[in-house]
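There are 2 protein chains.
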Amino acid sequence: MAVYTDVGADELDTFIDGYDIGEMLSYKGIAEGVENSNFLLHTEAGNFILTLYEKRVATRDLPFFLGLMQHLAARGINCPQPVQNKKGEVLGKLAGRPAAIVTFLEGVWLRRADVKHCAAVGDALAKLHLAGADFAKKRVNALSVEGWRPLFEGCCERADNVQHGMKATIEKELDALEKSWPRGLPQGVIHADLFPDNVFFLADKLSGLIDFYFACNDMFAYDAVICLNAWCFESDFSYNVTKGRALLQAYAKVRPFTDAELEAMPLLARGAALRFLLTRLVDWLDVPPGALVKPKSPQEYLRKLRFHQKAKSVQDYGVEAKELVA
Amino acid sequence: MAVYTDVGADELDTFIDGYDIGEMLSYKGIAEGVENSNFLLHTEAGNFILTLYEKRVATRDLPFFLGLMQHLAARGINCPQPVQNKKGEVLGKLAGRPAAIVTFLEGVWLRRADVKHCAAVGDALAKLHLAGADFAKKRVNALSVEGWRPLFEGCCERADNVQHGMKATIEKELDALEKSWPRGLPQGVIHADLFPDNVFFLADKLSGLIDFYFACNDMFAYDAVICLNAWCFESDFSYNVTKGRALLQAYAKVRPFTDAELEAMPLLARGAALRFLLTRLVDWLDVPPGALVKPKSPQEYLRKLRFHQKAKSVQDYGVEAKELVA
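Protein chains in written order, with my numbering: chain A, 1320 to 1645; chain B, 1320 to 1645.
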C-alpha cells in the first residue's frame, strides 16, 4: 500500500504550474509501489504518475533512477519517462518530499503468468541490459553479497520464530556465498526487482517495465535469476522448468550468456533467493502484530533457496547450456 | 486505504467483456473510500471506477445506492453514473464480490475548504435533496437515533480509555436525544456522509458528489447539520460562523428551511455529532495497537458535540432564522 503522504489540491496545483502539462483535472492515491507515495494524476495533457519519495529511497540516488528511465526510454525501452518541468528539471519538491512526475504506462500486471509471459520477460530483461550499457551514472547494489550479513545480524535472533531452523540455514548459506560469490561476470545496469507487479502486459504482449528504484550496477546473470525466482515458481513453490527454460532462452536470444555466467547460475540463484529471503524476513519482523498490512512471506524464498541448493548446473533449470550461449 | 480484494487481469478482462466499454488498458487500486475496494479502470472508452463491495456494505442495499446514483444523474446532479452491462444490469459479480462500474468524475477533493466552497456544498446538498424527492426506493437510516445506543453499548466500557469522561458525556447525551429527537420534519433521500473527501472541485467550482453508500431516507435538516459539522469547523475544532452562515444560506436559497427545522437545528447538530463520535469511537477501539492505518479521531466529534450543546438557536450558527426561510 502506497500513500504515506497526502497532498493538498492547492499545493499540487502550484507544483503542476511548474510543468507544461495543462490544468489538473484529478488525482488519486494509488495502492501500488511499496516504497513511495504514488498518485495517478489526470491533467489536460493526459494521465501521469506523481511519485513522492519517502525515506526508504535515498535522495542522492534519485538522479540515477530518473536519469536511467530517461536513458532507457530514449533507447526504446517502454518505461515511465520523467517529465521535465519548465526549468528543465525532472526532480522537484512537494509536501516536503522529493517528487517527480512520470508518464503513465498502459497495461496490467499479471497475477498469473504463463510460459509466453515468462519468455516476454526474458526478452525484455536482456533488451534492458543492452540498452543500459552506455548509461554513465553508477549505483552500487547495496543488496548484494556485502549487504546480506548486516541484514541478517539485525534479525537473526528472531528468524527461528518465523520458521524453525531458518537461522541456521541462512547462516550456513551466508558463509558459503561470501566465500564463493562469483566475480568478474559481465556487469551493467540491472533492474534488480523485476517481479510480476513491475511488468505490464496488454493482450499478452509486454507493454512496459516500471519501478526502477532498486536498479543498480551488478551482474546481468544475477538479474536473470532474480526473474527466474520471481516468475518461474508456482504458487506451491515448485519450480516450473517450462517457464524457466522459456525465460532463459528468450533472454539468451537477445543477449547470449557466457560460459562463466552459466556455470555460476545455481550459485547466483541461491544469492538471489537469499537476498529476498533476508529483506522479507526483516519486513516480516518489522511489522507490528495485528497490523493491517501483511508483508510478503519469507518462507517462500527459503523454499526457493533450498531448490537452488540442490541444483548443479543450468540443466536443473530445464535448459542445456548450449542453448543459451552465442 | 481501500483495496481489500485484489483482482486478476484475466477475471477483470472477462468481467469487462460483459460491458460495451472497449478493451481494458489498465487498472490500479486506489486509496480512496473506506468501505469498499476501488480501482481506477482505463479502457478504450475512457476512465471508470470499478468498485468491489466488501462485507460492510449490505448487498441488499446495493440496488438502492446504484439506483439513486442513476436517478440523481438523470436529474442533473453530477455524481458517478453506474454503467449498464450488455444485459442492462448495473450490478455484477467479480472476485466473489458484488461489483459495479461507474463513470469517472473529474475534480479533486479539498484538504482545506474556504467560505465559497462551504456555500457550494450547501447549494449542492439542497439540489440533491430536491432531485431525490421522487426516488421510489427507500432505505432506513441505520445510523439514526435508534442505532446509537447499540453502538454505544458495544464500546462504552472502553470509552474513557480514549478520553476521560467520554462515557458519561455520551450516556447523558444519548438519554437526552432519545427523549427529544425531532419527528415530523421534512424528509427524503439524504447523502448522510457529505464530507470534504466526497465532494470534488475543479478550479473552485463544485464538480461532483461521490460515495452514496450511506445514503438513506431521513430528515433533510439532519443532512445539513452533518455538513455543518464536516465543513464549518477549523482544525482547532472551533466553529467558523462565516462558513456556517455561507453553507446554510446557500442551502436555503435552493430549499428554504421550515420554522420547525430551524428550531430543531441545535438538537439535530448534537445528534449528527454524536453519530460520528460513536462510529469513530467504535473504529478507534477496533483497530489493533500498532496498526498502520490510523482511524479518525473520536475526540474531534466530542468537541463538536460540546459546541452544539451550548447552542440555543440558529443564531449561534451565525445566521438569523429569517434569512433561511421562504
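Cβ coordinates follow ideal geometry from the N, Cα and C atoms, glycine included.
These figures come from a predicted structure and were not determined experimentally.
From the DSSP output, read off the bridge partner residues of Ser1345/B.
In the second sequence, residue 1345/B corresponds to position 26, counting from 1. Note: Ser1345/B sits in a beta bridge opposite His1361/B.
Find out if the Cβ-Cβ distance for the pair Glu1354/A, Val1376/A is shorter than 8 Å.
The sequence position of residue 1354/A within the first sequence is 35, counting from 1. The sequence position of residue 1376/A within the first sequence is 57, counting from 1. Result yes, Cβ atoms of Glu1354/A and Val1376/A sit closer than 8 Å.
Give every residue of the same chain whose Cβ lies closer than 8 Å to the Cβ of His1448/A, excluding the five residues on either side of it in the sequence, and list them in chain order.
Counted from its first residue, the first sequence places residue 1448/A at position 129. Answer for His1448/A: Gly1507, Val1508, Ile1509, Phe1539, Asp1542, Arg1574, listed in chain order.
I'd like to know whether the C-beta atoms of Leu1593/A and Leu1624/A end up nearer to each other than 8 Å.
Along the first sequence, read from residue 1 onward, the residue named residue 1593/A stands at position 274. Along the first sequence, read from residue 1 onward, the residue named residue 1624/A stands at position 305. It is a contact, given that the beta carbons lie within the stated cut-off.
Could you tell me the distance, in whole angstroms, from the CA atom of Ile1349/B to the CA atom of Ile1349/A?
The count along the second sequence starts at 1 and reaches residue 1349/B at position 30. The count along the first sequence starts at 1 and reaches residue 1349/A at position 30. Straight-line Cα distance between these residues: approximately 4 Å.
Using alpha carbons as the reference points, say which of Gly1415/A, Ala1393/A, Ala1419/A, His1390/A lies closest to Asn1285/A.
The requested residue 1285/A is not part of the displayed model; chain A covers only 1320 to 1645.
Measure how close the beta-carbons of Glu1330/B and Leu1344/B come, nearest whole angstrom, since I'm counting them as under 8 Å.
Position 11 of the second sequence, counting from 1, holds the residue named residue 1330/B. Position 25 of the second sequence, counting from 1, holds the residue named residue 1344/B. That belief does not hold up - the Cβ atoms of Glu1330/B and Leu1344/B are roughly 17 Å apart, past 8 Å.
In chain A, which residues lie with their C-beta within 9 Å of the C-beta of Lys1498/B?
Against the second sequence, residue 1498/B aligns to sequence position 179. Going along chain A, no residue has its Cβ under 9 Å from Lys1498/B, so there is no contact; the nearest lies around 39 Å.
Enumerated in chain order, which unbroken segments of the beta strand (DSSP E) with a length of 3 residues or greater are wholly contained in the region 1513-1574 of chain A?
1518-1521, 1524-1528, 1535-1538
Assign Pro1456/B to one of two classes, buried (16 or more other C-beta atoms within 10 Å of its C-beta) or exposed (fewer than that).
Residue numbering aside, residue 1456/B sits at position 137 when the second sequence is read from its first letter. In the sequence as presented, Pro is not what sits at residue 1456/B; that position holds Lys. Exposed, since its Cβ has fewer than 16 Cβ neighbours within 10 Å.
If you run the structure through DSSP and keep just helix, strand and coil, what is Trp1428/B?
Start at 1 with the first residue of the second sequence, and residue 1428/B comes out as number 109. Note: Trp1428/B maps to strand in three-state DSSP.
Taking Leu1470/A as the query, report the chain B residues whose CB atoms sit under 8 Å from its CB, ordered along the chain.
Looking up residue 1470/A in the first sequence gives position 151. Under the 8 Å cutoff, chain B gives no residues; its nearest Cβ is about 22 Å from Leu1470/A.
Quick check: what's the CA-CA separation for Thr1561/A versus Thr1324/B?
For the purposes of this step, residue 1561/A is identified with residue 242 of the first sequence, where counting begins at 1. For the purposes of this step, residue 1324/B is identified with residue 5 of the second sequence, where counting begins at 1. Cα-Cα distance, rounded: 30 Å.
Ser1463/A (DSSP reduced to helix, strand or coil):
As a working note, residue 1463/A is residue 144 in the first sequence. It is coil, neither helix nor strand.
Measuring only between beta-carbons, confirm whether Ser1554/B sits less than 8 Å from chain A.
The count along the second sequence starts at 1 and reaches residue 1554/B at position 235. Not closer than 8 Å to any Cβ of chain A, the Cβ of Ser1554/B fails to qualify, so no.
Do we get a CB-CB distance below 8 Å when we pair Gly1386/A with the residues of chain B?
Within the first sequence, numbered from 1, the residue matching residue 1386/A stands at position 67. Chain B, which has no Cβ nearer than 8 Å to the Cβ of Gly1386/A, makes this no.
How many angstroms separate the CA atom of Ser1356/A from the CA atom of Lys1406/B?
Your numbering for residue 1356/A matches position 37 in the first sequence. Your numbering for residue 1406/B matches position 87 in the second sequence. The alpha-carbon atoms of Ser1356/A and Lys1406/B are separated by roughly 39 Å.
With a cut-off of 8 Å, do at least 3 Cβ pairs link the region 1562-1571 of chain A to the region 1626-1644 of chain A?
yes
Any beta carbon of chain A sitting closer than 8 Å to that of Gln1628/B?
The residue labelled residue 1628/B in the question sits at position 309 within the second sequence. Answer no: the Cβ-Cβ gap between Gln1628/B and chain A never drops below 8 Å.
Helix, strand or coil, according to DSSP, for Ser1499/A in the structure here?
Walking along the first sequence from the start, residue 1499/A turns up at place 180. Three-state result, Ser1499/A: helix.
With a threshold of 8 Å between beta-carbons, can Lys1347/A be considered close to chain B, or not?
Taking the first sequence and counting its residues from 1, the one referred to as residue 1347/A is at position 28. It does: the Cβ of Lys1347/A has a partner Cβ on chain B nearer than 8 Å.
Interface positions of the region 1418-1436 of chain B facing chain A (Cβ-Cβ less than 9 Å), listed along the chain:
Phe1423, Leu1424, Glu1425, Gly1426, Val1427, Trp1428, Leu1429, Arg1430, Arg1431
Express the C-alpha separation of Lys1486/A and Leu1604/A in angstroms, rounding to a whole number.
Within the first sequence, residue 1604/A is the residue found at index 285, counting from 1. Within the first sequence, residue 1486/A is the residue found at index 167, counting from 1. Near 13 Å, if we compare the C-alpha coordinates of Lys1486/A and Leu1604/A.
Could you tell me whether any Cβ in chain B is nearer than 8 Å to the Cβ of Glu1351/A?
By 1-based counting over the first sequence, the position of residue 1351/A is 32. Interface residue, yes.
Where does Asn1480/B fall in DSSP's three states?
Your numbering for residue 1480/B matches position 161 in the second sequence. Three-state DSSP puts Asn1480/B in a helix.
According to DSSP, which residues form a beta bridge with Gln1628/B?
Here residue 1628/B refers to the residue found at position 309 of the second sequence. According to DSSP, Gln1628/B bridges with nothing at all.
Going by beta carbon distance, what residues of the same chain come within less than 6 Å of Leu1360/B, once the five residues before and after it are set aside?
In the second sequence, the residue the question calls residue 1360/B occupies position 41. So the list reads Tyr1346, Phe1367, Leu1369, once near-sequence residues are dropped.
Run through DSSP, which three-state label would Thr1370/A get?
Mapped onto the first sequence, residue 1370/A falls at position 51. The answer is strand: DSSP assigns Thr1370/A an E or B state.
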